[in-house]
Amino acid sequence: MKITTFAIRVWRVFSMITVFVASMYSYSLFGQEVGVHFNALGQADEFMLKSDIFYILVGLILTNNVLLLSVGRALLKLPSNVLPIPNQPLWAEHREELNEHIQNWIYSLVAMINTSIALTIFALATVNNEFKFKIADFNGLLYLIVGFLLAIVVALPIRLMMKPSSND
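In numbering that gives the first Met the number 0, the protein residues as written are 0 to 167.
Below, the structure written as structure tokens:
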């Protein structure tokens with residue numbers, strides 16, 4: 000197993016644990032109503048029930064960790080000529096390597112979405128409990144998450160434009 004494959008698998012497992020811990024932590028901190036939208040002064044002006052937030056979280060986590068992984072497993076079973084990839088004949092000869100790249104990509108995407116959910120719910124719990132952090136302290140979180148997601152989404156097509164490694 001390559002070190003990148005191992006690192007991605009560890010990240011995915013760690014992200015699942017982190018999103019679970021962040022969900023339980025935030026649920027224990029939330030009051031009955033949770034501020035989900037904030038005005039220019041950083042004060043909550045729209046609220047949701049904590050049970051609604053919890054059910055939304057469970058839906059997102061299940062969709063991400065079950066549905067997205069199922070789609071990824073289905074991609075691995077498709078014939079090479081059906082996959083919309085560059086250098087199809089070349090990658091068809093190196094199907095194991097192609098499957099590894101696709102699986103790593105799916106796992107990375109799942110791990111990044113889990114990490115994003117964990118960071119977002121942690122930030123929401125933090126600003127709703129008047130710790131020393133305010134909503135303005137998390138302004139860059141959206142840009143960070145979008146940047147990482149874009150990097151992951153673009154990584155597979157860029158890698159598949161290159162030729163497979165000749166390790167036979």
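Glycine included, every Cβ here is placed at the ideal spot set by N, Cα and C.
Here the structure is a predicted model, which is why all the values come from computation and not from measurement.
- About 7 Å separates the beta carbon of TYR26 from that of LYS49, a gap short enough to meet the 8 Å contact definition.
- Ranked by Cα distance from ILE116, the first of ASN127, THR62, ASN103, ARG94 is THR62.
- The continuous alpha helix (DSSP H) containing ALA124 extends over residues 94 to 126.
- In this chain, the beta strand (DSSP E) harbouring VAL35 covers 32 to 37.
- Spatial neighbours of LEU97 in its own chain (CB-CB distance under 6 Å, excluding positions within 5 residues in sequence) are listed in chain order as TRP90.
- Approximately 12 Å separates the beta-carbon atoms of LEU28 and ALA122; this is outside 8 Å, ruling out the contact.
- The straight-line gap separating the alpha-carbon atoms of ARG11 and GLY30 is approximately 30 Å.
- With fewer than 16 other Cβ atoms inside 10 Å of its own Cβ, HIS36 counts as exposed.
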